[in-house]
Every structure is written in structure tokens, then in C-alpha cells.
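Per my numbering, the first sequence starts with residue 2, numbered consecutively.
Have a look at the structure below, then the notes.
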Amino acid sequence: MPGTVEPRLLRGLRDLMPAEMHARQWIIDTVRRVYETYGYVPLGTPALEFLDILRGTAGEESEKQLFEVAGPEETRLGLRFDQTVALARVVAQYPDVPRPFRRYQVAPVWRCDNPYEKRGRFREFIQFDIDAVGVESEVADVEMITAMCDVMAAFGAAGPAGRPLPFRVRVSSRRVLNLLLPYADIAPERAPDVFRVLDKLDKLGAEKVRLELTTGYKDESGSPVPGLGFSGSQVDRIERFLAIRAPRRTDVLAQVADLFRDVPGAAAELEPLARMSAQLAALGYGDDVVVYDVSIARGLAYYTGTVFETELLELPEFGSVCSGGRYDDLVLRFLGERVPAVGTSVGVDRLLVALTELDRVPPAVRRKATAQVLVTTFDKSLMDEYVAMTYELRRAGINTELYLGTEKRVGKQIRYADQYDIPVVVVCGSDEKARGEVQLKDMSVGRRLTAEVKDREQWKAERPGQFNVPRTELVSAVQRLLRVIGGGST
RNA sequence: GCCGGUGUAGCUCAGUUGGAUAGAGCGCUUGACUGUGGAUCAAGAGGUCCCCGGUUCGACCCCGGGCGCCGGCACCA
2 MPGTVEPRLL RGLRDLMPAE MHARQWIIDT VRRVYETYGY VPLGTPALEF
52 LDILRGTAGE ESEKQLFEVA GPEETRLGLR FDQTVALARV VAQYPDVPRP
102 FRRYQVAPVW RCDNPYEKRG RFREFIQFDI DAVGVESEVA DVEMITAMCD
152 VMAAFGAAGP AGRPLPFRVR VSSRRVLNLL LPYADIAPER APDVFRVLDK
202 LDKLGAEKVR LELTTGYKDE SGSPVPGLGF SGSQVDRIER FLAIRAPRRT
252 DVLAQVADLF RDVPGAAAEL EPLARMSAQL AALGYGDDVV VYDVSIARGL
302 AYYTGTVFET ELLELPEFGS VCSGGRYDDL VLRFLGERVP AVGTSVGVDR
352 LLVALTELDR VPPAVRRKAT AQVLVTTFDK SLMDEYVAMT YELRRAGINT
402 ELYLGTEKRV GKQIRYADQY DIPVVVVCGS DEKARGEVQL KDMSVGRRLT
452 AEVKDREQWK AERPGQFNVP RTELVSAVQR LLRVIGGGST
């Protein structure tokens, strides 16, 4: 039809239909329960920020991914790409907020990069952050790591019984990475380039990392990857660093200490990591769930200390579902005062994709309805009665929908309940009304029988899962039925 | 940004070596059944064949350009 607007979405943006939204809310609820056990408090900030607030915090790459928005009166705005920058702004803007300020925030963020939905990468997605601002102690870093572990454990417990969710948090430190610079005689301004390449070790392998550090190479698509032009002895030292790897955290630290034994101040930088490891161990977070891995650098430019990311062992190629680190200088931009902070972020939508892929989202979570009961409107002259029944059920705490469509035939209304997976249907026509009864229909019975019943007459004769109860017992009978069938409420 | 693939009904896709009114399955609507979901049967609605230009008597098909989508790479908070 000419003149109509084609309904469409920008690449990487999605509509989430009710079942998908229920699943997302399940993720959020589960994470929030864990975060609140740690005592974090909620914060909300706008999706839009001034461009100069967003810019210059997270490095060149992030700026390329910024969604710019035209504001009124020539103001230049952007959609937030994370929640941490806004948190730093809030801390600077409200100096009377008592510190430590430990907040959680769950909200969409926007990044204009290439979406890849199979790996849970979108241009608009929900992140669920916790951050502790004004905290120097590495106990806060430990808290971040254990919170990540506890979140993963919660999803293991919520999934299919007896199947814990295997995961691993990999931890490193920018301060330890920085020791590599004097050790390998690398100028400080080259550090971001070097760290970016180190981070690729897992994905590219040692050979390509070596090439990228020296002469560069052409990748599979023929695009040139520029080399960083380091000398052979520099690359040798970088590779010796990258070779550090051990299942036990204490062994990793020992190897780092040995490698950097001649670097001034190295021992002092390693002490906090040693204390963290001991604490983690004392709390029951062993070498199997938290590993030290010096190749973790993370791209985000604002990290200054500990960095960590979480991977699901059953989806090794998927990437991190939860990551973060310490950023002691982010507030400095706004306040001129150094405020130490550490935080971590669950990629809610990414985690949902992963758990779906692993078939670990309980089916009941992905429901299409919130209603437990549909009251049909069979006979319009009885409408007052239908409304009354609906509110009786609602006031008893039962999620109830009154059929408000135009369809008169009760069969179509039942079909509507079927399409939305509403588990119980109330039918009351003039016959029932005259007898002082209502009819309850357990939808699951018909669904179960549908495979067996071949003949329509038989189907009609059986009227599966239906029974009548006195009108006065409507609420108690529905409650009983919902208990028996498990109700669809959460 | 690079490489490859692809674009036909709401969805999944067939098709025409360039020829007249463009097809299937699923889904949707209606009815058989005006008081009951499924199945069955019947009927119906639904298309600028991605866009622009070119070649041709004639283009959904061939050619050129563009755009979208999918996959891979790069990048990734």
C-alpha cells in the first residue's frame, strides 16, 4: 500500500516479545537478589549524556561506537555506552553522597558496532553493574569477584536440577601489566597498543600475536594488520611474560615475581594480588573458579588496577558474560580529585543468549502471559457478572485477565487463552448462571490430549479438563486448581 | 572497514536457459461446528519478485551501481 511507512528496526536493535521479556526479567531478578545480598543500592541515570561527558574516557574504540544524538539548541548528546561514566559524573556532581558509594544499576546501553546476535552482541543491550566508589581496599576487588561467582552459581541453581553452571573468572591487573613496560623496555605511551594485542592471545594464538608485535600480517580476509614494530628482544620478553600460566593462583604470582625480580617495585605490586588470592581461598573461591591470567587486559582504557572477566566453560568461544575492573582515575576528570573505584558488569542480554544456547532457562520463565486465569465473556448480558468474578480473583491475588476482545464465540476466546498460554479459563453462560455455577477449564489437559484425539466429535464429547464449581467457591476452586497444575505464577 | 553468500507472500523457500494472469508448505481469515482449543475438509485474503539505471519487441531473470540481510575477519566496554 503506498503511503504507509515500512515497519523496521535499525540493525542490532530488537523488539523483545513477552516471552523474551520474561526471560530477561528473570535474569535481572536473579542478579539483583545476589547484588542486594552484598548491600548495593540502586541508582538511575539518564540514557542521554552530554557528548563531552561521554568522550575521552574509554579510548578511541569506544568513541567510534558512540551513538550521537542531536539535542535541542545545538546541544551535542550521546547515548551512554556504559554505566560507569555516568556513575563517575554522579559522584562528582553530588559531593555530599556518603562514600563509599556502593550502587547497582541495570539499564540499556548503546554501542554502534557490528552486531552478532548468536554471540549475544547487540547495539542496544542491558548491563547490570555494581560499583564501589571511594574504596581503596582490595577487599572491594575480592567482593566484585565473589559477586560474579555468586551470580553464576545462582544461575546454576536456577537451571536444571543437579547441573551446576561451570564458569571461570579470570583475573589480572593493569599494575602488573605495567611492570612489563620497564621489563621489555616499552615506552609508556605504547602501553594501550601492547595490552590490546596481549588480550588477543587466546583468540589469535602466539604466532599472530608475535607478528602483530613486530611486522604485522594480512588476515584471512586480506586486510592488513599493522605491526607494532617491536624488536626481537622486546618481543622475546613479552612472550616470556605471556608464557606465564598455571592452574594455581599462587604459582602464577610466583612466576610473575620471578620474571620481574629485577624490576623496581615489582614485589609491592604483587602483594595485593597475593592477599586477594588468600582471601578468596579462605572464602571458598578456589583455583577452579578464580584463576590469575596475565593475558587479560580488557580493552577499556580507563582501568587502572585489577581487571577480570567471566567465561562459561561450556561455551568457550562465546566470550565474557560478566567483566569489570578497578578504575581509580575516572572521577578525576570531573572532580580533579582522585577517587578510587572498582566495579563489574553482567551483560544481561548476552548472558540470556548464552543460557538459552545451553538450554538452562527454565521453560516456565519464558512464559507468554502473566495472567493465570482468563474470564471469558460468553454472554454479553452477563458482563457485570464477568467483571465481578474478575475482580474477585484479582483481589485474591490471582493474576486475571477479562476477555476484552470483540469475539463473541467462546471457542475463539478459549483459543485466545491457548495462544497466550493462560493456564485456566473461566466459562459462565446462562446455563451455569441459572444453576449458580461457573465452569473451570484446565487448559493443560486439552493440550496433552490433542495428540491422541483424532475425531472432532470425540474431542467435543470429552471436553477435556473441565468441571463446574459453585459460583460462591470460584476463588478457592481456582486457587486449588492453580496449586495442582503449578499455576504459571512466579 | 575487508572477504564470501544472499534478497520472490507474515515465515521458510521453489521457479522462469529472457515470454502472457508468479507458486508451494506453514501461518492468517472464514465456514463445515451460531456453547468450547486440537485434527480434518473447503473457501479466502495476502506480492512495487530489494531499489535505481541500462540492454531488449519484452526483465523477477542479463549488465552496472546502490541498499539490506546472513556468515567469516577486524574491532569489542
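We put the beta carbon where it would ideally sit given N, CA and C, even for glycine.
Bear in mind the structure is a predicted one, so any value in this text is a computation, not a measurement.
Which value, in whole angstroms, describes the spacing of the CA atoms of residue i and residue j?
| i | j | result |
| --- | --- | --- |
| Leu314 | Pro167 | 6 Å |
| Cys429 | Glu118 | 46 Å |
| Ala255 | Glu240 | 17 Å |
| Gln84 | Pro116 | 20 Å |
| Leu281 | Gly135 | 22 Å |
| Val152 | Val470 | 45 Å |
| Val226 | Glu137 | 39 Å |
| Ala87 | Phe379 | 54 Å |
| Glu474 | Thr357 | 41 Å |
| Lys413 | Ser431 | 18 Å |
| Pro465 | Gly447 | 5 Å |
| Leu1 | Pro96 | With the chain covering only 2 through 491, there is no way to say anything about residue 1. |
| Pro99 | Val198 | 39 Å |
| Glu7 | Ala302 | 40 Å |
| Pro165 | Asp114 | 33 Å |
| Lys201 | Val195 | 10 Å |
| Ser234 | Asp263 | 16 Å |
| Glu408 | Asp419 | 15 Å |
| Gly157 | Arg481 | 31 Å |
| Glu139 | Arg112 | 31 Å |
| Arg77 | Asp53 | 8 Å |
| Ala267 | Phe261 | 6 Å |
| Leu359 | Gly72 | 42 Å |
Under DSSP, the beta strand (DSSP E) around residue i begins and ends at which residues?
| i | result |
| --- | --- |
| Ala71 | 69 to 71 |
| Ile131 | 125 to 134 |
| Glu402 | 401 to 403 |
| Val428 | 425 to 428 |
| Gly79 | 77 to 80 |
| Ala302 | Per DSSP, Ala302 belongs to no beta strand (DSSP E) and is neither H nor E. |
| Leu375 | 374 to 376 |
| Arg103 | 102 to 111 |
| Val476 | Here Val476 belongs to no beta strand (DSSP E); instead the alpha helix (DSSP H) covers 475 to 486. |
| Val295 | Counting along the chain, Val295 falls outside any beta strand (DSSP E), and DSSP gives it neither H nor E. |
Let me confirm a value: residue i is counted as buried when at least 16 other C-beta atoms fall within 10 Å, else exposed. Which label applies?
| i | result |
| --- | --- |
| Phe51 | exposed |
| Met18 | exposed |
| Thr311 | buried |
| Met2 | Unreliable positioning characterises Met2 in this predicted model, as indicated by a pLDDT of 39, which lies under 50. The coordinate reading is nonetheless provided below. That one is exposed. |
| Arg171 | buried |
| Glu433 | buried |
| Met149 | buried |
| Glu213 | buried |
| Thr491 | Note that Thr491 scores a pLDDT of 43, beneath 50, so its modelled location is shaky; the value from the coordinates is reported in the next line. Under this definition Thr491 is an exposed residue. |
| Leu274 | buried |
| Val42 | exposed |
| Gln94 | exposed |
| Leu180 | buried |
| Leu55 | buried |
| Tyr404 | buried |
| Glu37 | exposed |
| Pro47 | exposed |
| Val388 | exposed |
| Gly163 | exposed |
| Glu125 | buried |
| Gly14 | Position check: residue 14 holds Leu in this sequence, whereas Gly was assumed. Exposed is the call here. |
| Gln106 | buried |
| Tyr304 | buried |
Alpha helix (DSSP H) containing residue i: first to last residue?
| i | result |
| --- | --- |
| Pro341 | No alpha helix (DSSP H) holds Pro341; DSSP gives it neither H nor E. |
| Val236 | 233 to 243 |
| Val257 | 250 to 260 |
| Gln420 | 411 to 420 |
| Tyr392 | 384 to 396 |
| Val32 | 19 to 38 |
Under the assumption that residue i contacts residue j (Cβ atoms under 8 Å), give the Cβ distance between them as a whole number of angstroms.
| i | j | result |
| --- | --- | --- |
| Ile131 | Thr345 | 6 Å |
| Glu270 | Val177 | 6 Å |
| Asp288 | Arg249 | 5 Å |
| Gly306 | Asp330 | Rounded, the Cβ-Cβ distance is 10 Å, inconsistent with contact. |
| Val476 | Leu394 | 6 Å |
| Ile423 | Val374 | 7 Å |
| Arg169 | Val292 | 6 Å |
| Arg25 | Ile127 | 7 Å |
Is residue i near the ligand GDP, with its Cβ less than 8 Å from a heavy atom?
| i | result |
| --- | --- |
| Arg81 | What this structure holds is no ligand at all, so the ligand GDP is not there to describe. |
Could you tell me which uninterrupted beta strand (DSSP E) segments, each at least 3 residues in length, are contained entirely in the segment 436 to 464, listed from first to last along the chain? 438 to 443
Which runs of the beta strand (DSSP E) fall wholly inside the segment 126 to 184 and span at least 3 residues, in chain order? 168 to 174
Could you pull out every unbroken beta strand (DSSP E) segment of at least 3 residues lying fully inside the segment 312 to 366, listed in chain order? 323 to 327, 342 to 348
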